[in-house]
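Residue 348 in our numbering is what sits at position 110 of the sequence shown, and the numbering runs on without skipping anything. Idealized CB from N, CA, C, for every residue including glycine. Let me begin by presenting the structure, written as structure tokens, before commenting on it.
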Amino acid sequence: MKALVYEQPWKMTLQDLPKPKPEAGEVLIKMESVGICGSDVHGFTGESGRRTPGMVMGHEVVGRIVELAEDVADRQVGQRVTVFNVLSDEAPSPEEGDPSFLNKRVVGVNLGTRGAMAEYLALPARNTIPVSEDIPPEVSVLAEPVAVALHGFHRLEEKGIAPKSVAIIGSGTIGLCSLLVARSREVEQALVLDPIAEKLDRARSFGGKTVRVDPADEVAEIAQKVENELGSRPELVIDAVGIGASFDQAVEMAAEGGTILLIGNLAKQVELPLQTVVSNEISLIGTYGFDLKAFE
């Protein structure tokens with residue numbers, strides 16, 4: 239089969255790899271749609287260090303089952319499925335990928351050539367979730383990033399946090415999915431910040447308010463623009479970028495007693511404006527990936 243193999247930062251090659259055979263409990267999926275996650279991009283460029291040379295990326299998946307292992311009775315050949323990509327809560331072996339950053343075995347992240355940027359992918363049947371034929375595969379593939387955003391809101395709800403206003407830093411896929419999830423909750427006002435006008439157009443089409451930012455703007459100036467749009471500082475700020483500048487911005491504009499949901503994680507380290515966080519009684523909540531509850 240053809241597969242896109244990551245060789246080194248900024249280099250992938252289309253190679254012939256053996257077509258996988260489903261083992262006990264597995265199905266073989268032929269790809270229909272594969273999403274390109276921001277983490278794939280940052281792995282491809284070498285920024286994050288979270289992709290290993292020789293691997294096949296791709297963890298946002300929609301495809302059709304083309305073969306079943308003999309012991310699989312609850313799936314059918316021809317069935318369209320998406321994939322819950324966490325195979326187990328165990329670190330991968332050194333042969334599979336770098337186990338140091340993520341104590342889970344995740345398709346297209348740290349499982350060697352077991353990724354979706356290929357013609358076929360063999361996976362446990364229990365990790366496949368049937369999807370409607372009425373939904374195009376290029377839409378169904380968004381189940382994974384929507385689940386990432388939804389898991390973040392589940393983290394808030396576990397702690398009894400129900401914000402009425404939210405500002406989202408970053409209008410990429412996760413930022414926009416966070417906007418959709420926010421609007422499905424009891425959030426009265428949702429606003430998205432981004433420097434790129436086209437991305438903000440998309441946010442407005444999803445029903446969000448927008449503020450276009452310039453990287454040269456002072457964080458206090460941007461915070462004032464957000465306050466002017468919302469009428470007050472946001473009770474919740476979602477950092478869907480995860481760099482020092484976005485974290486500083488989140489701390490600057492969060493309401494006193496507010497919450498920052500840290501969902502983006504591009505930077506390995508950021509400086510903490512400790513006095514502002516403490517004196518304004520801001521809660522910081524980290525969220526990573528998703529669980530089966532959010533995905534389903």
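Check                                                                                                           : Outcome
Proximity of Val449 and Lys463 at Cβ, strictly below 8 Å                                                        : yes
Where Tyr358 falls, given that 16 or more other Cβ within 10 Å makes a residue buried                           : buried
Inside the region 386–453 only - beta strand (DSSP E) runs reaching at least 3 residues                         : 403–407, 427–432, 447–450
First and last residue of the uninterrupted beta strand (DSSP E) at Lys268                                      : 264–273
Given 8 Å, three or more beta-carbon pairs between the region 258–269 and the region 346–362                    : yes
7 Å Cβ shell around Glu376 - same chain, five flanking residues per side excluded                               : Ser271
Exposed unless 16 or more other CB atoms sit within 10 angstroms - verdict on Ala405                            : buried
Contained alpha helix (DSSP H) runs [length at least 4] in the region 474–517, N- to C-terminal order           : 482–491, 512–517
For Gly301, three-class secondary structure by DSSP                                                             : strand
Classification of Ala441 by the beta-carbon crowding that lies within 10 angstroms, buried from 16 upward       : buried
Minimum Cβ-Cβ distance from Leu438 to chain B less than 8 Å                                                     : Absent here is chain B; the protein component of the structure consists of one chain.
Straight-line Cα distance separating Val430 from Leu468                                                         : 11 Å
Rounded separation between His297 and Asn323 - CA only                                                          : 6 Å
Cβ-based burial, Asn365 [other Cβ within 10 Å; buried from 16]                                                  : buried
Where Glu534 falls: helix, strand or coil (DSSP)                                                                : coil
Backbone CA spacing between Lys195 and Ser378 [nearest angstrom]                                                : The structure shown has nothing for residue 195, since the chain only spans 239 to 534.
Endpoints, the alpha helix (DSSP H) within which Ile460 is located                                              : 457–468
Other residues of its chain near Gln427: CB distance less than 6 Å, five sequence neighbours each side excluded : Ser403, Leu468
As assigned by DSSP and simplified to three states, the class of Asp254                                         : strand
Member of Glu396, Phe391, Ala435 whose CA lies at the smallest distance from the CA of Ser422                   : Phe391
Neighbour-count burial assignment, Asn503, 16 or more Cβ in a 10 Å radius                                       : buried
Best match in Ile434, Glu509, Glu456, Val386 for proximity to Ile476 [C-alpha to C-alpha]                       : Val386
Cutoff 7 Å; reference Ala532; Cβ partners in own chain excluding five residues on either side                   : Ala385, Leu388, His389, His392
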